[in-house]
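In the numbering used here, the protein residues as written are 2 to 347. Positions of the beta carbon are idealized from the N, C-alpha and C atoms, including for glycine.
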Amino acid sequence: MSICSEWDKIDPREYRGIWAYLEVEDGVLGEGGLQMLGVARNLASQKDTYVGGVLIGKGVSSLAREAIYYGADKVFIADDEKFEEYYAALYAEALASLAKEHKPEVILVSGTMRGREFTPYVANTLRTGITADCTSFEVDPAVKDVLGVRPTFGAYLIAHIRTLNRRPAIFTARPNVFPTPERNPAREGEIIHTQPKVADGYGVKLVNKKRFSRGTVPIEKAKILVSGGKGLGSRDGFTILQEFAKVIGGEISGSRKAVDAGWITHDKQVGQTGKTVRSDLYFAVGISGAVQHLYGIREARCVVAINKDPDAPIFDNCDYGLIGDYTEVIPALIKAVKKLQARKTE
Ligand SMILES: Cc1cc2nc3c(=O)[nH]c(=O)nc-3n(C[C@H](O)[C@H](O)[C@H](O)COP(=O)(O)OP(=O)(O)OC[C@H]3O[C@@H](n4cnc5c(N)ncnc54)[C@H](O)[C@@H]3O)c2cc1C
């Protein structure tokens, strides 16, 4: 007996449509889900199929039109009291139930905290494959399957991954790598109210909710970032960077070595195992420019490197480079910016 005997039963030709799961944050569509609608639109046009958006929650029906404006042709809604609170197993079962009924070929989920948590449950329930943390997607020209593209072996290789013999093919995608599509209020689409089959209880009960307040802009949304690395030498280096960030209206982030040293928290880590940033301006201070770090700054518009080693790889990957000790360069920059600001207010 082999597990494959059951797995071989599906007929991929019965599956149509590229779905994007739409996470709802504080009553609005989350950015990650909108980014997935953009990806779905692109793939669907290559495969001549439709884009589906999936909304699960309580009171989410009012968001269906928005999903259409952002690219969905059909919106599948599971709007019910029982989805008021998010539980991974509950939401996974709901999405799996909808997929069983409507048979999409592909499901895309943004790799938010929630996406990363519940998507493997969906894949397991549907006994299908999941490719996590994709940074781009392609359609195989020969067989027309969707391929998830993602870095592997510490970002030294890029893997193109295809789900064989199973449908839907499920992918999570790295948040912030894909642009949010244009909102077009002239778009039209179909709204489908559904009642997914879910169990009554999951052995989990929410007793209290507390919002985690960072007090700062999350690095994935910051316009200006001042990022520190191991070259800062100690936690105190971040005090200097913090002062610079304050003067230029930016936020602090860092490399993995800075996080591993305990100088900043992991939510501020940039890179392959951290976050992808899209800031207009990115200062890399005392950061060597390892490939895993560069991965997280591909979408930054202007990178300024400050490093005392003229041969540091970051200088091959920046728009402006300042060779020098940051303890001298940063105070000089603070002074220069303050002088300019004072001149402006005169
Ligand atoms: C699977 C995997 C995933 C990873 N994910 C990530 C990730 O998400 N993000 C990430 O950042 N890394 C990641 N890494 C680690 C990565 O390979 C590097 O080790 C890391 O990015 C190096 O951090 P750094 O540049 O701060 O330190 P270093 O490489 O040690 O560089 C320090 C730099 O500071 C410079 N310097 C020293 N003193 C000064 C000074 N006084 N003034 C100015 N410059 C100075 C030095 O010349 C040097 O270039 C990952 C690695 C692996 C294997």
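_If contacts are defined as beta-carbon pairs under 8 angstroms, then G1 and Y327 qualify, I think. What distance do you get, rounded to the angstrom?_
This structure cannot settle anything about residue 1, because the visible part of the chain is limited to 2 through 347.
_Residue environment, R279, which counts as buried when at least 16 other CB atoms sit within 10 Å_ = The residue you call residue 279 lines up with position 278 of the sequence shown. Within 10 angstroms of the beta-carbon of R279 lie 16 or more other beta-carbons, which makes it buried.
*From T164 to I131, what does the alpha carbon distance come to, in whole angstroms?*
Residue 164 sits at position 163 when you count from the first residue of the sequence shown. Residue 131 sits at position 130 when you count from the first residue of the sequence shown. Cα to Cα, T164 sits roughly 8 angstroms from I131.
*DSSP three-state assignment for N308, whether helix, strand or coil*: Residue numbering aside, residue 308 sits at position 307 when the sequence shown is read from its first letter. If DSSP states are grouped into helix, strand and coil, N308 belongs with the strands.
_Among the candidates R14, N43, P332, P13, whose CA atom is the shortest distance from the CA of A21?_
In the sequence shown, the residue the question calls residue 21 occupies position 20. Minimum Cα-Cα distance from A21 among the listed residues R14, N43, P332, P13 corresponds to N43.
*Any chance the CB of H267 is under 7 angstroms from a heavy atom of ligand 1?*
In the sequence shown, counting from the first residue as 1, residue 267 sits at position 266. At a threshold of 7 angstroms, H267 does not count as near ligand 1, since its beta carbon sits no closer than that to any of the ligand's heavy atoms.
*Select from K48, A343, D312, L282 the residue whose C-alpha is nearest the C-alpha of R302.*
Residue numbering aside, residue 302 sits at position 301 when the sequence shown is read from its first letter. Checking every option, the nearest Cα to that of R302 belongs to L282.
*Tell me, please, which residues DSSP counts as bridged to T132.*
Within the sequence shown, residue 132 is the residue found at index 131, counting from 1. For T132, DSSP records a beta bridge to F172.
*asked:* Under 5 angstroms, CB to any heavy atom of ligand 1. Which residues pass, going along the chain?
replied: Per the Cβ criterion, the list is G155, G230, K231, G232, S256, R257, K258, G272, Q273, T274, G275, G287, I288, S289, A291, Q293, H294, N308, K309, D310, A313, D326, Y327.
*Among the residues of its own chain, which have a CB less than 7 angstroms from the CB of F245, if the five just before and after it don't count?*
Your numbering for residue 245 matches position 244 in the sequence shown. Counting only Cβ-Cβ distances below 7 angstroms, and skipping sequence neighbours, we find V227, I331, L334, I335.
_Sub-8 angstroms separation of I225 and L242 beta-carbons_ = As a working note, residue 225 is residue 224 in the sequence shown. As a working note, residue 242 is residue 241 in the sequence shown. Cβ distance not < 8 angstroms, so I225 and L242 don't count as in contact.
*asked:* According to DSSP, is R42 part of a helix, a strand, or is it coil?
replied: Here residue 42 is taken as the residue at index 41 of the sequence shown, counted from 1. Note: R42 maps to helix in three-state DSSP.
*So what does DSSP say about C5, is it helix, strand or coil?*
As a first step, residue 5 is located in the sequence shown; it is residue number 4 there, counting from the start. In this predicted model, C5 has a pLDDT of only 47, less than 50, meaning its place in the structure is not dependable; the value taken from the coordinates is given anyway. If DSSP states are grouped into helix, strand and coil, C5 belongs with the helices.
*Roughly how many whole angstroms lie between the Cα atoms of W349 and K258?*
Nothing about residue 349 can be reported from this structure: the residues present for the chain run from 2 to 347 only.
*Where does V147 sit, in a helix, a strand or coil, going by DSSP?*
In the sequence shown, counting from the first residue as 1, residue 147 sits at position 146. DSSP places V147 in strand when its eight states are reduced to three.
*Under the three-state reduction of DSSP, which class applies to R163: helix, strand or coil?*
As a first step, residue 163 is located in the sequence shown; it is residue number 162 there, counting from the start. Strand at R163.
_Identity of the residue in G54, D49, Y88 nearest V208 by Cα_ = One-based indexing of the sequence shown puts residue 208 at position 207. Looking only at G54, D49, Y88, the smallest Cα-Cα distance to V208 is reached by Y88.
_Outcome for T346 when other beta-carbon atoms lying within 10 angstroms are tallied against a minimum of 16_ = By 1-based counting over the sequence shown, the position of residue 346 is 345. So T346 ends up on the exposed side.
*Do you know offhand how far V338's Cα is from R344's?*
Taking the first residue of the sequence shown as position 1, residue 338 is located at position 337. Taking the first residue of the sequence shown as position 1, residue 344 is located at position 343. Rounded to whole angstroms, V338 to R344 spans 10 angstroms at the Cα level.
*asked:* I need the straight-line Cα distance from A170 to R236, nearest angstrom please.
replied: Mapped onto the sequence shown, residue 170 falls at position 169. Mapped onto the sequence shown, residue 236 falls at position 235. Going by the C-alpha atoms only, they are around 44 angstroms apart.
_Element boundaries [beta strand (DSSP E), containing G322]_ = Stepping through the sequence shown from its first residue, residue 322 is reached at position 321. For G322, the uninterrupted beta strand (DSSP E) segment begins and ends at 321-324.
*Decide if D12 is buried, meaning its Cβ has at least 16 other Cβ atoms within 10 Å, or exposed.*
As a first step, residue 12 is located in the sequence shown; it is residue number 11 there, counting from the start. Under this definition D12 is an exposed residue.
*Alpha carbon to alpha carbon, how far is E106 from K75?*
Here the question's residue 106 lines up with position 105 in the sequence shown. Here the question's residue 75 lines up with position 74 in the sequence shown. Their backbone Cα atoms lie some 14 angstroms apart in a straight line.
*CA-CA distance, P314 and T153?*
As a working mapping, residue 314 is identified with position 313 in the sequence shown. As a working mapping, residue 153 is identified with position 152 in the sequence shown. Those two C-alpha atoms are separated by around 20 angstroms.
*Note the first and the last residue of the continuous beta strand (DSSP E) segment covering S409.*
With the chain represented from 2 up to 347, any question about residue 409 goes unanswered, as that position is not in the structure.
_Classify Y70: buried if its beta carbon has 16 or more other beta carbons within 10 angstroms, exposed otherwise._
If you number the sequence shown from 1, residue 70 lands on position 69. Buried, since its Cβ has 16 or more Cβ neighbours within 10 Å.
*Based on the DSSP output, what are the partners of G54 in its beta bridges?*
Position 53 of the sequence shown, counted from the start, is the residue given in the question as residue 54. Answer is A21, V76.
_Coil, strand or helix - K276 by DSSP_ = Start at 1 with the first residue of the sequence shown, and residue 276 comes out as number 275. Three-state result, K276: strand.
*asked:* I'd like to know whether the C-beta atoms of I159 and V147 end up nearer to each other than 8 angstroms.
replied: Indexing the sequence shown from 1 puts residue 159 at position 158. Indexing the sequence shown from 1 puts residue 147 at position 146. A distance of 8 angstroms or more separates the beta carbons of I159 and V147.
*Is P176 buried or exposed, if buried means 16 or more other CB atoms sit within 10 Å of its CB?*
Here residue 176 refers to the residue found at position 175 of the sequence shown. That one is buried.
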